[in-house]
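According to our numbering, the sequence shown is numbered sequentially starting from 16.
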Amino acid sequence: MRIIAGTRKSLRLATPKGEGIRPALDKVKEAIFNILWNVEGLRVLDCFAGTGNIGLEALSRGASHATFIDSGREAIELIRKNIAICKFEAQTTLIPYAAATGIAKLGRESAQFDLIFVDPPYNKNLVNPSIRQIVDASLLAPEGKIICEHFPKEVLTPPEGYELTDERKYGQTLISFLSSNSK
16 MRIIAGTRKS LRLATPKGEG IRPALDKVKE AIFNILWNVE GLRVLDCFAG
66 TGNIGLEALS RGASHATFID SGREAIELIR KNIAICKFEA QTTLIPYAAA
116 TGIAKLGRES AQFDLIFVDP PYNKNLVNPS IRQIVDASLL APEGKIICEH
166 FPKEVLTPPE GYELTDERKY GQTLISFLSS NSK
């Protein structure tokens, strides 16, 4: 697993030892950023962050700050290690809680993000509830995007006021892009 582009291009990241963490594949990550194209100056939230792979890629490509949420002990250690490998300590925040708790915390702080990545464990039916929590907490900035990586059999239902703007399938991975339709 590596950073694909930007200031930390080709930097190798620490990877999980077991099967409990499923980092985004390089080809999927590259496809996401090819669709997004420019992330310069954006504030990023990486929910169910795992290794921090997606948020760190965004920082390497010019995002101004990344916030990571994950509650797994191994995931928290990997995120911290990968932040240090990339030397992004000053541009990151790690919230070591379950996604629902972390999202609620950010909502109480009135935090807002331009890009929100949601990559919950497959087959747990967490995509729609997570998106609903993000919307209810008003975490998405105007003109922002929510990007979900999920199992194709888990049908994403955009909340009221949001629309599915793009969807791409890569094997057993579906990437869905959501935006507010009240621009």
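Note that beta-carbon positions come from the ideal geometry of N, C-alpha and C, so glycine has one too.
Other residues of its chain near residue i: CB distance less than 7 Å, five sequence neighbours each side excluded
{"i": "residue 64", "result": "70, 83, 84, 85, 90, 94"}
{"i": "residue 184", "result": "167"}
{"i": "residue 174", "result": "146, 147, 150"}
{"i": "residue 26", "result": "17, 18, 100, 101"}
{"i": "residue 47", "result": "162, 190"}
{"i": "residue 77", "result": "21, 54, 55, 56"}
Spatial distance of residue i from residue j (CA atoms)
{"i": "residue 56", "j": "residue 79", "result": "5 Å"}
{"i": "residue 49", "j": "residue 116", "result": "31 Å"}
{"i": "residue 28", "j": "residue 67", "result": "9 Å"}
{"i": "residue 196", "j": "residue 172", "result": "14 Å"}
{"i": "residue 141", "j": "residue 98", "result": "26 Å"}
{"i": "residue 54", "j": "residue 43", "result": "17 Å"}
{"i": "residue 112", "j": "residue 157", "result": "26 Å"}
{"i": "residue 178", "j": "residue 143", "result": "13 Å"}
{"i": "residue 137", "j": "residue 40", "result": "14 Å"}
{"i": "residue 30", "j": "residue 58", "result": "24 Å"}
{"i": "residue 124", "j": "residue 114", "result": "15 Å"}
{"i": "residue 103", "j": "residue 120", "result": "22 Å"}
{"i": "residue 107", "j": "residue 92", "result": "14 Å"}
Beta strand (DSSP E) segment containing residue i, residue limits
{"i": "residue 45", "result": "Element bounds for residue 45: not the beta strand (DSSP E) but the alpha helix (DSSP H), 41-51."}
{"i": "residue 195", "result": "188-195"}
{"i": "residue 156", "result": "155-165"}
{"i": "residue 83", "result": "80-84"}
{"i": "residue 178", "result": "177-185"}
{"i": "residue 59", "result": "58-62"}
Own chain residues within Cβ distance below 8 Å of residue i, not counting five before or after
{"i": "residue 118", "result": "62, 84, 145, 148, 149, 152, 154"}
{"i": "residue 180", "result": "160, 192, 193, 194"}
Bounding residues of the alpha helix (DSSP H) (the contiguous stretch that carries residue i)
{"i": "residue 73", "result": "68-75"}
Close beta carbons around residue i, own chain, < 6 Å, minus the five adjacent residues each side
{"i": "residue 23", "result": "75, 101"}
{"i": "residue 60", "result": "82, 128, 131"}
{"i": "residue 96", "result": "29"}
{"i": "residue 165", "result": "142, 189"}
{"i": "residue 182", "result": "191"}
{"i": "residue 110", "result": "84, 117"}
Check your understanding: Is the segment 141-161 touching the segment 122-132, taking contact as three or more C-beta pairs under 8 Å?
Key -> yes
Check your understanding: Hey, is the segment 147-154 in contact with the segment 180-191, meaning 3+ C-beta pairs nearer than 8 Å?
Key -> The segment 147-154 vs the segment 180-191: no contact.
Check your understanding: Which full runs of the alpha helix (DSSP H) of 4+ residues lie inside the segment 88-151, going along the chain?
Key -> As far as the segment 88-151 is concerned, its whole alpha helix (DSSP H) runs of at least 4 residues are 88-101, 114-123, 142-151.
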